[in-house]
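Q: Have a look at the structure that comes next, please.
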Amino acid sequence: MKNNQALIPVYDMAACIPGTNFIIKKTEGNSVPSYMAIPHRHTDYKISFLQEGEVTHYTDFEKYTIKAPALLMLAPDQVHQQTGNSFYKMMHISFNKEFLLTETQGVLACWECMFSQVVLPVMNQEQVRELSVYLELMYQEFKDNKPQKGLILKNLLNAFIICAGRLVNCKNEVESSVVTMDYSQNRIVRQFKTLIDENFVNSTQVTQYADMLYVTPGHLNDLIKTVTGKTAKQIIDERRILEAKRLLFWGEHSVKEIAGRLNFEDDAYFNRFFKKHTGNTPALFQRQIREKYN
Numbered sequence: 005m006k007n008n009q010a011l012i013p014v015y016d017m018a019a020c021i022p023g024t025n026f027i028i029k030k031t032e033g034n035s036v037p038s039y040m041a042i043p044h045r046h047t048d049y050k051i052s053f054l055q056e057g058e059v060t061h062y063t064d065f066e067k068y069t070i071k072a073p074a075l076l077m078l079a080p081d082q083v084h085q086q087t088g089n090s091f092y093k094m095m096h097i098s099f100n101k102e103f104l105l106t107e108t109q110g111v112l113a114c115w116e117c118m119f120s121q122v123v124l125p126v127m128n129q130e131q132v133r134e135l136s137v138y139l140e141l142m143y144q145e146f147k148d149n150k151p152q153k154g155l156i157l158k159n160l161l162n163a164f165i166i167c168a169g170r171l172v173n174c175k176n177e178v179e180s181s182v183v184t185m186d187y188s189q190n191r192i193v194r195q196f197k198t199l200i201d202e203n204f205v206n207s208t209q210v211t212q213y214a215d216m217l218y219v220t221p222g223h224l225n226d227l228i229k230t231v232t233g234k235t236a237k238q239i240i241d242e243r244r245i246l247e248a249k250r251l252l253f254w255g256e257h258s259v260k261e262i263a264g265r266l267n268f269e270d271d272a273y274f275n276r277f278f279k280k281h282t283g284n285t286p287a288l289f290q291r292q293i294r295e296k297y298n
């Protein structure tokens, strides 16, 4: 189910099947499903395993031609679109973060690295077999109505994600420092990034997030810089820029409309902010990125 009030359609798993925080399904064929052919987002995490064939996929500002076997990783709010394919077979799982076991939520470095890479090639048949076993077990458990179904699915998903994590080539050494942080520091970093995703339109200052997390702005900034190499304000501004780029690339919206959507004082301030962080005006970015892919 989608939210038609958004500039880009948003599909919400829970709205499609009330009370559901995990879905697994299979697709195959030669044509692209109509809802996947238009740019859209999901509120949940989605992992698709391409078992046979080839698909063409846009995620945010990149075009991917994906050949089986491979995993396609989509984090919440990423804008994506499937534009064409040969005959293909895929399995898809969708889930929200609350459905994950605590141990999986805590592995922040691997988690972010997995989803930032978008496409994870599956290199050998042993990896194919391993991933397929967990997916088939989840598929059968999801279809059946047996006692403790949710708990079994959580554990299978946890194992599947750990297996998928073995395919990741994490190049960002800074993020690996999260693993060595104590629980409270790890929790603050994860909550900070979650809060930004939820509030970046209306909350743009470090002090606002420090208040939400019950820490001082100085402590929050030091912690974020230690983990990411960037200041807390840079992380906030980058999230605003990312959303602006998504709206500029994917929709037929004026700069003024996007500026209003992102709560800038006016389109002139939005232009200055965007150029400061990207080196281009919004209009120039929009023209260049569309020329690149169209």
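Residue numbers (our numbering): 5 to 298. From the three backbone atoms N, C-alpha and C, an ideal C-beta is built for every residue, glycine too. What you are looking at is a predicted structure, and each value in this text was computed from that prediction instead of being measured.
Output needed for N100: all residues of its chain with C-beta closer than 6 Å, excluding positions within five of it in sequence on either side, in chain order.
A: If we look at N100 and ignore the five residues flanking it on each side, its Cβ neighbours are N25 and D48.
Q: Return the Cβ separation of G57 and F103 in integer angstroms, given the expectation that the two are a contact with Cβ distance under 8 Å.
A: Contact doesn't hold; Cβ gap of about 29 Å is too wide.
Q: Classify I28 as helix, strand or coil using the three-state DSSP reduction.
A: Reduced to three states, the DSSP call for I28 is strand.
Q: Are the stretch 31-41 and the stretch 62-78 in contact at 8 Å, needing three or more beta carbon pairs?
A: no
Q: For V123, list the residues DSSP reports as bridge partners.
A: The partner list for V123 (beta bridge, DSSP) reads L76.
Q: Have a look at F84 and K30 and give me their C-alpha separation to the nearest angstrom.
A: According to the sequence as given, residue 84 is His; it is not Phe. Between the alpha carbons of H84 and K30 lies a gap of roughly 19 Å.
Q: Under the three-state reduction of DSSP, which class applies to I12: helix, strand or coil?
A: coil
Q: Would DSSP call M40 helix, strand or coil?
A: coil
Q: Going by Cα to Cα distance, which pick from H223, L217 and F119 is closest to V172?
A: F119
Q: How long is the line joining the alpha carbons of I42 and V59, rounded to whole angstroms?
A: 15 Å
Q: With 16 other CB atoms within 10 Å as the buried threshold, where does P286 fall?
A: buried
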